[in-house]
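The listed protein sequences derive, respectively, from chains H and D.
So the first sequence is numbered by the working numbering: it starts at 1 and just counts up by one.
So the second sequence is numbered by the working numbering: it starts at 118 and just counts up by one.
What follows is a set of notes on a single structure, which appears directly below.
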Amino acid sequence: DVKVTQSSRYLVKRTGEKVFLECVQDMDHENMFWYRQDPGLGLRLIYFSYDVKMKEKGDIPEGYSVSREKKERFSLILESASTNQTSMYLCASSLLPPVAGSYNEQFFGPGTRLTVL
Amino acid sequence: DAKTTQPTSMDCAEGRAANLPCNHSTISGNEYVYWYRQIHSQGPQYIIHGLKNNETNEMASLIITEDRKSSTLILPHATLRDTAVYYCIVRVAGNTGNQFYFGTGTSLTVIP
């Protein structure tokens, strides 16, 4: 089974701190994703990566950066945490589609609930 | 903006079929319809996907209308463990990745 793990289930940080959220997948997937989930807003894509050292902005990249130094690891970085970044953060991974337009399901981690005070 | 429209919440009696509708009127020809669900305090879980034919697997059935503007996820015999938020997603085939646009989903409550 594919396993996507996230470094913490719960995290409490102070405003202005630099925060690292780590995600690791063990199935050699090319694609990795970071989402945040907020009540009434569903899941929103922050960043994704389709290869080592490659990254693409999602819908809400402001205030975040990412790092993908190794294929299995995708890190989300909050350079200076703010209270409006309090949220549930979900990491996911998937294989590259074999042909353009074909499907690939995403496998999600358990999530990290971040509170910024 | 979300590309799909789903009811906010639904109830279903245990043992009965749960039919969850989804509208995706702007879907294009090469976009797939995916369904995921999220049980409380867990990450989303893949259920099923389809392009234009109806699909069935061990978890559910997916019925897609002929014009592909709407679909229905069917859980044939709902159990209490099926209580979750169900997301209907239209997949955008990007050049490199495969982004998903999640809406707010349908909160399904299975009642004993």
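Built from N, CA and C at the ideal position, the CB exists for glycine as well.
Fair warning: this is a prediction, and the values are worked out from it, not measured in the lab.
Item: Could you tell me which chain D residues have their CB closer than 8 Å to the CB of Glu105 (chain H), listed as they occur along the chain?; Value: Tyr151, Tyr163 and His166
Item: Can you tell me where the beta strand (DSSP E) with His166 (chain D) in it begins and where it stops?; Value: Gln162 to Gly167
Item: Between Gly16 (chain H) and chain D, is the shortest Cβ-Cβ distance under 8 Å, so that the two count as touching?; Value: no
Item: Within 8 Å of any Cβ in chain H, is that where the Cβ of Gln159 (chain D) sits?; Value: yes
Item: To the nearest angstrom, how far is the alpha carbon of Lys186 (chain D) from that of Leu21 (chain H)?; Value: 38 Å
Item: In the DSSP output, which residue or residues are listed as bridge partners for Arg113 (chain H)?; Value: H:Tyr10 and H:Met88
Item: Which of the three DSSP states, helix, strand or coil, is assigned to Arg73 (chain H)?; Value: strand
Item: Could you work out which residues of chain D lie near Gly63 (chain H), taking near to mean beta carbons separated by less than 7 Å?; Value: The premise fails here: Gly63 (chain H) is roughly 19 Å from chain D at the closest Cβ pair, so nothing lies under 7 Å.
Item: Leu197 (chain D) by DSSP, collapsed to three states: which one?; Value: helix
Item: Please go through the region 46-73 of chain H and give each complete beta strand (DSSP E) segment of 3 or more residues, from N-terminal end onward.; Value: 65-70
Item: Hey, out of H:Asn31, H:Leu41 and H:Met54, whose CA is closest to Glu105 (chain H)'s CA?; Value: H:Asn31
Item: Exposed or buried, which one is Asp199 (chain D) when buried takes at least 16 other CB atoms within 10 Å?; Value: buried
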